[in-house]
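For reference, the structure is listed below as structure tokens.
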Ligand code: SF4
Ligand code: SF4
């Protein structure tokens, strides 16, 4: 089992989630983050740290984002790990 980052993460201005992950399993794509399913220990620490509510346990993933389980698994191994909060990602959509 794993947690999954879904569509609300696109162009997030926050990366608070990565600072609480005990196993450093967040990976940074161009427009959003991904969780490596082989590394996530389902501790749920990141869930309340995500303002747009983009992180779900894979069993609770809303139906419209079902594809994100495979997307996280595919993308995480191909992106750099991210362990520290940094400046906003992408264009500013939250004011
Ligand atoms: S806080 Fe949530 S929306 Fe923002 S980068 Fe982390 S997972 Fe994505
Ligand atoms: S559930 Fe825990 S281990 Fe999995 S990504 Fe979130 S903080 Fe990391």
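Numbering (the numbering used here), first residue to last: 159 to 253.
Yeah, the Cβ is synthetic: ideal placement off N, Cα and C, and Gly gets one too.
Excluding its 5 nearest sequence neighbours in each direction, residue 233 has C-beta neighbours in its own chain below 6 Å: 187 and 192, listed in chain order.
Between the segment 195 to 209 and the segment 159 to 177 there are three or more C-beta pairs closer than 8 Å, enough to call the two in contact. Assignment of beta-bridge partners to residue 191 by DSSP yields 186. Inclusion of residue 237 and residue 185 in the CB contact set at 7 Å is warranted, their separation being smaller than that value. When DSSP states are grouped into helix, strand and coil, residue 239 belongs to the strand group. Counting only the Cα atoms, residue 223 lies some 23 Å from residue 239. A direct Cα-Cα distance of roughly 24 Å separates residue 169 from residue 181.
For residue 235 and residue 206, the gap between their C-alpha atoms comes out near 24 Å. When rounded, the separation of the alpha-carbon atoms in residue 217 and residue 189 is 24 Å.
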